[in-house]
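Visitor: There's a structure below that I have some questions on.
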DNA sequence: ATTCTATTTTAGCAATATCTAAAATACTTA
DNA sequence: TAAGTATTTTAGATATTGCTAAAATAGAAT
């Protein structure tokens, strides 16, 4: 009988854990979470997001750059404004679970 | 007609986002993720976890204290050893999603 | 070309995270 | 009670985060 190894090697586990860490660090910030939640309902420009989330444009811009760099969002300029949009199915999946846990009306 | 407001107030959203941030910060570390993953299969003592994860006992102990403080794990002493166990359904739910995303054999 | 608006970038600071090394605690066994 | 084992706690060093204020860019309108 072939001996199938169902558990991950330590190296594989570390690799996966590091990837997950990088991903989770992007989400582990209240302001970035609110940004992402606002983008779930469709693309928005920076000014709109800044107002919705209550952040200075500079601070927000830095968060957006980070999220974009991590591949969670994309941007497109149209005229004066730059529109941001969610582009990560993984982020959407985790956001959905978080919403179930933290945004229930009757906890 | 009564006007139902389906969207969260800004304050409620901020509150939920802050809770989610606190929760996610606990998970957003490769070593803590590996600890939690090891505990998914049942309780373990500190030495066993330290070996499995490859951390010094002191470093691990600090992570365990943090996770315990956050209510994700509990501990019980039996004799010389202290056994840790996962106790958060929320953590288990997110861990399960992360496993689907980051621990697939063929990504 | 100059000016205006939207956004980004840079620099610097205060707070937080995470490790190591050393000291302290808790229970067990001789 | 003394010594041994498992674990925690503390102190300190280094790195990362996330803000503000100021300067820089990019495209639009005059």
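Protein chains in written order, with the UniProt record's numbering: chain P, 1 to 107; chain A, 1 to 107. Backbone N, C-alpha and C fix where the C-beta goes; we use that ideal spot for every residue, glycine too.
#1: Quick check: what's the CA-CA separation for residue 69 of chain P versus residue 58 of chain P?
#2: At least one CB of chain A closer than 8 Å to the CB of residue 57 of chain P: is that the case?
#3: Can the beta-carbon of residue 81 of chain P be found closer than 8 Å to that of residue 13 of chain A?
#4: Quick check: the segment 49-67 of chain A against the segment 24-31 of chain A, are at least 3 beta-carbon pairs closer than 8 Å?
#5: Take the Cβ of residue 10 of chain A as the centre, count every other Cβ of all protein chains shown within 10 Å, and call the residue buried at 16 or more, exposed below.
#6: Within 8 Å, do at least three Cβ pairs link the segment 95-102 of chain A to the segment 85-99 of chain P?
#7: Counting pairs of Cβ atoms below 8 Å between the segment 75-90 of chain P and the segment 41-49 of chain P, do you hit three or more?
#8: So, is residue 65 of chain A buried or exposed, given that buried needs 16 or more other C-beta atoms within 10 angstroms?
#9: If you measure from the beta carbon of residue 28 of chain A to each beta carbon in chain P, is any gap under 8 Å?
#10: Looking at the unbroken beta strand (DSSP E) that takes in residue 76 of chain A, where does it start and where does it end?
#11: Roughly how many angstroms lie between the CA atoms of residue 87 of chain P and residue 39 of chain A, to the nearest whole one?
#12: Which residues mark the beginning and the end of the alpha helix (DSSP H) in which residue 33 of chain A is found?
#13: Are residue 19 of chain A and residue 102 of chain P closer than 8 Å when you measure CB to CB?
#14: Just to confirm before moving on: does the CB-CB distance between residue 67 of chain A and residue 26 of chain A stay below 8 Å?
#15: Give me, in chain order, the residues of the same chain whose beta-carbon lies closer than 6 Å to that of residue 47 of chain A; leave out the 5 immediate sequence neighbours on both sides.
#16: Quick check on this structure: which residue in A/50, A/36, A/105, A/104 has the alpha carbon closest to the alpha carbon of residue 85 of chain A?
#17: Should residue 21 of chain P go down as buried or exposed, given a rule of 16 or more other Cβ atoms within 10 Å for buried?
Guide: For this structure:
#1: Residue mapping note: residue 69 of chain P aligns to position 69 of the first chain, counting from 1. Residue mapping note: residue 58 of chain P aligns to position 58 of the first chain, counting from 1. So the alpha carbons of these two residues sit roughly 16 Å apart.
#2: Counting from one through the first chain, the residue named residue 57 of chain P turns up at place 57. So, not an interface residue.
#3: Here residue 81 of chain P refers to the residue found at position 81 when the first chain is read from its first residue. Here residue 13 of chain A refers to the residue found at position 13 when the second chain is read from its first residue. No.
#4: yes
#5: The residue given as residue 10 of chain A occupies position 10 in the second chain. So residue 10 of chain A ends up on the exposed side.
#6: yes
#7: yes
#8: Here residue 65 of chain A refers to the residue found at position 65 of the second chain. Counting Cβ neighbours within 10 Å, residue 65 of chain A comes out exposed, since fewer than 16 surround it.
#9: Start at 1 with the first residue of the second chain, and residue 28 of chain A comes out as number 28. With 8 Å as the cut-off, residue 28 of chain A counts as an interface residue toward chain P.
#10: In the second chain, counting from the first residue as 1, residue 76 of chain A sits at position 76. Its beta strand (DSSP E) spans residues 73-78.
#11: The residue you call residue 87 of chain P lines up with position 87 of the first chain. The residue you call residue 39 of chain A lines up with position 39 of the second chain. Rounded to the nearest angstrom, the two C-alpha atoms are 32 Å apart.
#12: The residue you call residue 33 of chain A lines up with position 33 of the second chain. Element bounds for residue 33 of chain A: 30-40.
#13: Counted from its first residue, the second chain places residue 19 of chain A at position 19. Counted from its first residue, the first chain places residue 102 of chain P at position 102. Cβ atoms of residue 19 of chain A and residue 102 of chain P: closer than 8 Å.
#14: What you label residue 67 of chain A is simply residue 67 of the second chain in a count that begins at 1. What you label residue 26 of chain A is simply residue 26 of the second chain in a count that begins at 1. In this structure, residue 26 of chain A lies closer than 8 Å to residue 67 of chain A by Cβ.
#15: Looking up residue 47 of chain A in the second chain gives position 47. Taken in chain order, the list of residues that qualify is empty.
#16: Numbered from its first residue, the second chain carries residue 85 of chain A at position 85. Of the listed residues, the one whose Cα sits closest to residue 85 of chain A is A/36.
#17: Position 21 of the first chain holds residue 21 of chain P. It is buried - the Cβ of residue 21 of chain P has at least 16 other Cβ atoms within 10 Å.
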